[in-house]
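Since the structure comes first, as structure tokens, the remarks are kept for the end.
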Amino acid sequence: MTQVNITIEDIPATTQGQIAKIVKFQGQLDESNVDEKAKTIYAVIEQNPQNLYLILDFEELEYMNSKSIGYLTDWYGKISEGKGKIVIAKARSNILDILQVVGLTQLINCYNTLDEAKFALLRQDTPGAAQPQ
Amino acid sequence: MPGGEFSYYAISALLAFIPALIWMLLLFKRTKKKRLQIAIFMGGILSVALVFALQYFLNFFPQFDIVNFLQGQITNQNVNYIILFIAVGITEELVKQTFVRVADSKFLLIETINDSIQFSLVSALGFSFAENIFYIYSIWTNVGIQQLFVAYAFRSIFTTCAHLIFSGFFGYYYGIAKFSLNIREQSRWIGKKLIFTDILSKLTGMPRSQAYKEQMILKGLLIAMGLHAAFDFLLQFNQIIVVVPFVLIGYFILRHLLKRKAGHLIMVTDVDEQRASTMAKTDEEVVIELAGMWFKEKRYVDVLHICERLLQRDPDNKIVQLFKAQAIDKMDNKNVYSKILKNLFPNKEERESIEKMIKEKTKEAKKNPTLAELPKPTPAPVATPSIPKDTSKDTYKL
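As given, the protein sequences belong to chains Y and C, one line each in that order. Using the working numbering, the first residue of the first sequence is number 84, and each one after it goes up by one. Using the working numbering, the first residue of the second sequence is number 168, and each one after it goes up by one.
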């Protein structure tokens, strides 16, 4: 089985009822581990069905296969249904390239740094906040 | 009298040519390669000579006449008819295709699956025209001119149409076999299990790609031959009421196959003119794998969008082109022939899935018009919000 680690860290929310977390991926998401690891994210979504704000930190994610992209779209759907938001931070160029061709960058915004991602994610509901390009 | 016989043949040829011309005009209506198709039509006429040659050979060497041998062993007349019609089906279907296959192997005429169907149809028309000359002559001289009209009308419409349909199916599978490399590759991404191909490959020791090719040709031949034998068998017992819908259903299915986008796709690749992909191979494979996964899940709109974007990066990728064409074909439920096919072979689950998806996507596109537009191949859209340098002045918390 290919090695992949997922660590979840809480971050302070800006509004009441908002639950914000950073999910850090390390390693490679492939056929051997993706189903198992996806359960971790589904568990977070199930625990927080409403107003969940997630930053997916892809800095140390080296590879993601088609199934993991499929899961990503599903997480996006579920979180959006619960009036939450999801963004991606620090994705490598190869992963960003795949996400762009798949069309996911039109749905999930991608940011160069964690600070930018945090700022954008938690500020989006504030009137006059900067919108991603 | 030799002169009189020639006149009968000449008039028979003229009579046979009238429906052939009408069919030819119908077949040539949407094609640009008219000269080439006239040559194929002529080839189809000449291919009748192969049947005569075979007959001549069997007359001289009756020990090779397997049909005669089998019929001698079986007393049941119906079984004998089945054996005869299967033999006729195999012979005629192989002979009708001979000219197209030989010409294609020398001049690479076939560039799309539809080319393969179209050329098979034209070749079959040539064969049917030549066959009709002999039938008209035979009925006229043996039965009489009074009986000729009904037989002539039936042969001109239904028998000729049946010949075209049988060959059209063979042409379709021949086209798939010809472009099996890309088609098999695409099937692999969808996750289709090619069990028969694996068995054939193991039994014969052929590479899997070759085994798939042979399997498709065999499938086409079996379908064409089976339909041909069934048609002859029904005619033998004057089952006209069954023959007419039999031919009509075959016609609609073939029309549907000819209208498919995947059939129009040019599958021949000129390596010198092929543009290189601007995406890394492993990354591209991830996207193609995703397209295959979603295709399997019947998410055709999503497959179409992925393919559009990927083709901007790798415009000559045949697998992606195939996925795109097939996704469009699956969504094309406005097509009248698709509707007829759906009534004939209903697949409720698939139809409901497509309808639901189209409704969802239309709703989504109305809500957010930017989603419906396809992005241009620009560098990755990394958002860069402006973060104020002095965060103490802001009210947000990090």
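Note that the Cβ used here is the ideal one computed from N, Cα and C, for glycine as well. Computed from a predicted structure; not experimentally measured.
| task | Report the residue from C:F336, C:G430 and C:T449 whose alpha carbon sits nearest the alpha carbon of L123 (chain C). | result | Residue coverage of chain C in this structure runs from 168 to 565, which leaves residue 123 (chain C) outside it and unanswerable.
| task | Report the rounded CA-to-CA distance for V317 (chain C) versus S323 (chain C), giving the unit in angstroms. | result | Within the second sequence, the letter at position 150 stands for residue 317 (chain C). Within the second sequence, the letter at position 156 stands for residue 323 (chain C). Each residue's CA atom was taken as its position, placing V317 (chain C) and S323 (chain C) some 10 angstroms apart.
| task | Helix, strand or coil for T371 (chain C), going by three-state DSSP, please let me know. | result | Counting from 1 along the second sequence, the entry for residue 371 (chain C) is found at position 204. DSSP places T371 (chain C) in helix when its eight states are reduced to three.
| message | Can you check which of these residues, C:K263, C:S272 and C:R268, is closest to F296 (chain C) by C-alpha distance? | response | As a working note, residue 296 (chain C) is residue 129 in the second sequence. Of the listed residues, the one whose Cα sits closest to F296 (chain C) is C:K263.
| chain Y contact residues for F473 (chain C), given Cβ-Cβ distances below 8 angstroms | Looking up residue 473 (chain C) in the second sequence gives position 306. The amino acid at residue 473 (chain C) is misidentified as Phe; the sequence shows Ile. Within chain Y, the residues near I473 (chain C) are V184, V185 and G186.
| said: Between D450 (chain C) and chain Y, is any beta-carbon pair separated by less than 8 angstroms? | reply: Position 283 of the second sequence, counting from 1, holds the residue named residue 450 (chain C). At least one C-beta of chain Y is nearer than 8 angstroms to the C-beta of D450 (chain C).
| said: By the DSSP assignment, the alpha helix (DSSP H) with M209 (chain C) in it spans what residues? | reply: As a working note, residue 209 (chain C) is residue 42 in the second sequence. That run of the alpha helix (DSSP H) goes K201 to L213.
| request: Please name the residue, chosen from C:L477, C:A391, C:P412 and C:N247, that lies closest to L457 (chain C) on a Cα-to-Cα basis. | output: Here residue 457 (chain C) refers to the residue found at position 290 of the second sequence. L457 (chain C) has its Cα closest to that of C:L477, out of C:L477, C:A391, C:P412 and C:N247.
| request: Return the first residue and the last residue of the alpha helix (DSSP H) that D93 (chain Y) is part of. | output: Here the question's residue 93 (chain Y) lines up with position 10 in the first sequence. That residue, D93 (chain Y), is in no alpha helix (DSSP H); its beta strand (DSSP E) goes V87 to I94.
| Taking the alpha-carbon positions, what's the S444 (chain C) to A492 (chain C) distance? | Locating residue 444 (chain C) in the second sequence gives position 277, where the first residue counts as 1. Locating residue 492 (chain C) in the second sequence gives position 325, where the first residue counts as 1. Answer to the nearest angstrom: the Cα atoms are 19 angstroms apart.
| said: Tell me the DSSP secondary structure of G358 (chain C) in three-state form. | reply: Working through the second sequence from its first residue, we reach residue 358 (chain C) at position 191. Reduced to three states, the DSSP call for G358 (chain C) is coil.
| In whole angstroms, what is the alpha-carbon distance linking L651 (chain C) and M84 (chain Y)? | The structure shown does not extend to residue 651 (chain C), since chain C is modelled only from 168 through 565, so no value can be given for it.
| So with Cβ pairs under 8 angstroms, would you call R442 (chain C) a contact of chain Y? | By one-based count along the second sequence, residue 442 (chain C) stands at place 275. Not an interface residue.
| message | Quick check: the Cα distance between K369 (chain C) and L182 (chain C), rounded to an integer number of angstroms? | response | Walking along the second sequence from the start, residue 369 (chain C) turns up at place 202. Walking along the second sequence from the start, residue 182 (chain C) turns up at place 15. As the crow flies, the alpha-carbon of K369 (chain C) is around 52 angstroms from that of L182 (chain C).
| Can you pull the DSSP bridge partners for M147 (chain Y)? | As a working note, residue 147 (chain Y) is residue 64 in the first sequence. Y:L112, per the DSSP bridge assignment.
| said: Give me the chain Y residues within the contact set of L477 (chain C), using Cβ-Cβ distance strictly less than 7 angstroms, ordered along the chain. | reply: The residue given as residue 477 (chain C) occupies position 310 in the second sequence. Per Cβ cutoff of 7 angstroms: V184.
| Count the other CB atoms within 10 Å of the CB of Q204 (chain C); is the residue buried (16 or more) or exposed (fewer)? | Locating residue 204 (chain C) in the second sequence gives position 37, where the first residue counts as 1. Counting of Cβ neighbours within 10 angstroms places Q204 (chain C) among the buried residues, the total reaching 16 or more.
| field | Residue-level contact to chain Y via CB, A378 (chain C), 8 angstroms cutoff | value | As a working note, residue 378 (chain C) is residue 211 in the second sequence. False, the Cβ-Cβ gap to chain Y never drops below 8 angstroms.
| said: Taking the alpha carbon of F202 (chain Y) as the reference point, which residue from Y:S149, Y:Q111 and Y:L137 has its own alpha carbon closest? | reply: Numbered from 1 along the first sequence, position 119 holds the residue referred to as residue 202 (chain Y). Of the candidates Y:S149, Y:Q111 and Y:L137, Y:L137 places its Cα closest to the Cα of F202 (chain Y).
| query | In chain order, what residues of the same chain lie with their CB nearer than 7 angstroms to the CB of F195 (chain C), ignoring the 5 residues before and after it? | reply | For this step, residue 195 (chain C) is matched to residue 28 along the second sequence. Non-local beta-carbon contacts of F195 (chain C) in its own chain, meaning distances under 7 angstroms to residues more than five positions away in sequence, involve K201 and Q204 in chain order.
| request: Enumerate in chain order the residues of its own chain whose CB-to-CB distance from K380 (chain C) is below 7 angstroms, with the five nearest sequence positions on each side excluded. | output: Mapped onto the second sequence, residue 380 (chain C) falls at position 213. Non-local C-beta neighbours of K380 (chain C) in its own chain, meaning closer than 7 angstroms and more than five positions away in sequence, comprise A344 and S347, ordered along the chain.
| query | Does DSSP put F321 (chain C) in a helix, in a strand, or in coil? | reply | The sequence position of residue 321 (chain C) within the second sequence is 154, counting from 1. Assigned with DSSP and collapsed to three states, F321 (chain C) falls in helix.
| message | Helix, strand or coil, according to DSSP, for N131 (chain Y) in the structure here? | response | Counting from one through the first sequence, the residue named residue 131 (chain Y) turns up at place 48. It is coil, neither helix nor strand.
| query | Apart from the five residues on each side of it in sequence, which residues of its chain come closer than 8 angstroms, Cβ to Cβ, to T230 (chain Y)? | reply | Only positions 84 to 216 of chain Y appear in this structure, which leaves residue 230 (chain Y) out of reach.
| field | Under 8 angstroms between C-beta atoms of M446 (chain C) and D481 (chain C) | value | The residue you call residue 446 (chain C) lines up with position 279 of the second sequence. The residue you call residue 481 (chain C) lines up with position 314 of the second sequence. Yes, the pair counts as a contact, with Cβ atoms nearer than the cut-off.
| What residues from chain Y crowd round V487 (chain C), counting only those whose CB sits closer than 9 angstroms? | The residue you call residue 487 (chain C) lines up with position 320 of the second sequence. Result: empty, since nearest Cβ-Cβ is about 10 angstroms, beyond 9 angstroms.
| message | Could you tell me the alpha carbon to alpha carbon distance between F301 (chain C) and Y176 (chain C), rounded to whole angstroms? | response | Stepping through the second sequence from its first residue, residue 301 (chain C) is reached at position 134. Stepping through the second sequence from its first residue, residue 176 (chain C) is reached at position 9. F301 (chain C) and Y176 (chain C) have their C-alpha atoms roughly 8 angstroms apart.
| request: Starting from R480 (chain C), find everything on chain Y with Cβ-Cβ shorter than 9 angstroms and list it in chain order. | output: Translated into the one-based positions of the second sequence, residue 480 (chain C) becomes position 313. The answer, in chain order, is D180 and V184.
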